[in-house]
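These notes concern the structure reproduced below.
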Amino acid sequence: MSRIYSAGQYESGYRPTALGNWGAQAKSVDKTGSAAAGAKSGGVGKTAEGRTVPIVNERGHIVAGGKKPKSAFLTAPVQQSPPRWPQPNPTIKGTAAATMGFKGIQTDYLPSSTVPLKTVEGIPGCKEGVNYAGGPH
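Counting along the sequence shown from 1, when you hit position 73 you're at 73 in the UniProt record's numbering, and nothing is skipped either side.
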């Protein structure tokens with residue numbers, strides 16, 4: 001079964017006259033710009049100074065004398081950035097090395113400098129020990 005849409009409800013939106021994608025313009029349109037149009041109507045009209053220089057040809061290739069105003073390879077000027085990592089804390093003395101492997105199992109195949117851990121031995125008033133390899137807790 002087919003459906004009938006009366007009054008062109010469905011197809012009227014797809015006609016070339018509705019889409020506006022066909023034929024020449026009905027009348028000539030002056031394309032001098034909005035600044036010149038303002039001068040015609042009595043407003044303060046200023047035209048742009050200079051001229052437009054094409055940098056591409058009809059096929060979209062850059063012409064020999066044209067320069068691109070911006071480029072993907074143009075980088076921002078180098079600025080001095082703040083240091084990324086904080087300075088070492090002088091109150092924390094040395095580091096402990098991890099000697100435990102998976103799930104806290106003691107290992108002897110890890111070098112002593114594999115994973116440095118911070119200790120809290122030198123901090124006054126701290127009652128914690130951090131030596132996870134069997135030291136005080």
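Don't be surprised by glycine CBs; every beta carbon is placed ideally from N, CA and C.
Remember, it's a predicted structure, so these values are computed and weren't measured experimentally.
Is it buried or exposed, residue i, if we count other Cβ atoms within 10 angstroms and call 16 or more buried?
i	result
Glu-11	exposed
Ala-35	Any reading at Ala-35 must be qualified, since the residue scores a pLDDT of 48, below 50, and its modelled position is unreliable; the value itself is stated next. Ala-35 is exposed by the Cβ-count criterion.
Phe-73	exposed
Tell me, to the nearest whole angstrom, how far the beta carbon of residue i is from that of residue j; I am working on the premise that it is less than 8 Å.
i	j	result
Val-63	Pro-77	Their Cβ separation, rounded to whole angstroms, is 29 Å, which puts Val-63 and Pro-77 out of contact at 8 Å.
In whole angstroms, give me the CA-to-CA distance for residue i and residue j.
i	j	result
Lys-27	Arg-59	29 Å
Ala-18	Arg-3	23 Å
Trp-85	Thr-75	25 Å
Leu-14	Asn-57	Here residue 14 is Tyr; the residue named in the question, Leu, does not match the sequence. Rounded to the nearest angstrom, the two C-alpha atoms are 34 Å apart.
Pro-83	Thr-91	20 Å
Glu-49	Gln-87	56 Å
Asn-89	Ser-81	21 Å
His-61	Gln-79	35 Å
Ser-41	Thr-52	Reliability of the predicted coordinates at Ser-41 is poor, the pLDDT of 48 falling under 50, and the value obtained from them is presented with this limitation in mind. Each residue's alpha carbon lies about 25 Å from the other.
Ala-16	Gly-65	One detail in the question is off: residue 16 reads as Pro in this sequence, not Ala. Using only the alpha carbons, I get a separation of about 41 Å.
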